[in-house]
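Novice:
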Amino acid sequence: MSETVKMTVTGMTCGGCENAVKRTLMKLDGVETVSASHSENAVTAVYDSSRVTPDAMKRAIEALGYSAAGG
Ligand SMILES: [Cu+2]
0 MSETVKMTVT
10 GMTCGGCENA
20 VKRTLMKLDG
30 VETVSASHSE
40 NAVTAVYDSS
50 RVTPDAMKRA
60 IEALGYSAAG
70 G
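Its first residue numbered 0, the sequence shown is counted upward by one per residue in numbering that gives the first Met the number 0.
(1) Closer than 7 Å to a non-hydrogen atom of ligand 1 - does that hold for the CB of residue 64?
(2) For a quick check, are the C-beta atoms of residue 4 and residue 46 less than 8 Å apart?
(3) Between 56, 12, 7, 15, which has its C-alpha nearest residue 32's C-alpha?
(4) Could you check which residue in 70, 50, 1, 7 has the C-alpha nearest to that of residue 37?
(5) From the DSSP output, which residues share a beta bridge with residue 47?
Below, the structure written as structure tokens:
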């Protein structure tokens, strides 16, 4: 079933960073929608909890060079 996770992501400085995070998360199987705000250090994702976990999303964000917590 779909769940929502809100993560605190630091290191995003512009809309390009937001788009990079969105694109990366949308590539993960089970991620349905993503919104990102660099001004609020926030990334919110709707995901299928049977296919992907918040931990996997945080790892993918950190692989881009940002830090991710919460969720
Ligand atoms: Cu940027």
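Glycine included, every Cβ here is placed at the ideal spot set by N, Cα and C.
Bear in mind the structure is a predicted one, so any value in this text is a computation, not a measurement.
Specialist: In this structure, then:
(1) Residue numbering aside, residue 64 sits at position 65 when the sequence shown is read from its first letter. Short note on residue 64: C-beta not closer than 7 Å to any heavy atom of ligand 1.
(2) Counting from 1 along the sequence shown, the entry for residue 4 is found at position 5. Counting from 1 along the sequence shown, the entry for residue 46 is found at position 47. Yes, the pair counts as a contact, with Cβ atoms nearer than the cut-off.
(3) The sequence position of residue 32 within the sequence shown is 33, counting from 1. Ranked by Cα distance from residue 32, the first of 56, 12, 7, 15 is 56.
(4) Reading the sequence shown from its first residue, position 38 is the one you call residue 37. Cα-wise, what sits closest to residue 37 is 7.
(5) Taking the first residue of the sequence shown as position 1, residue 47 is located at position 48. Paired residues: 1.
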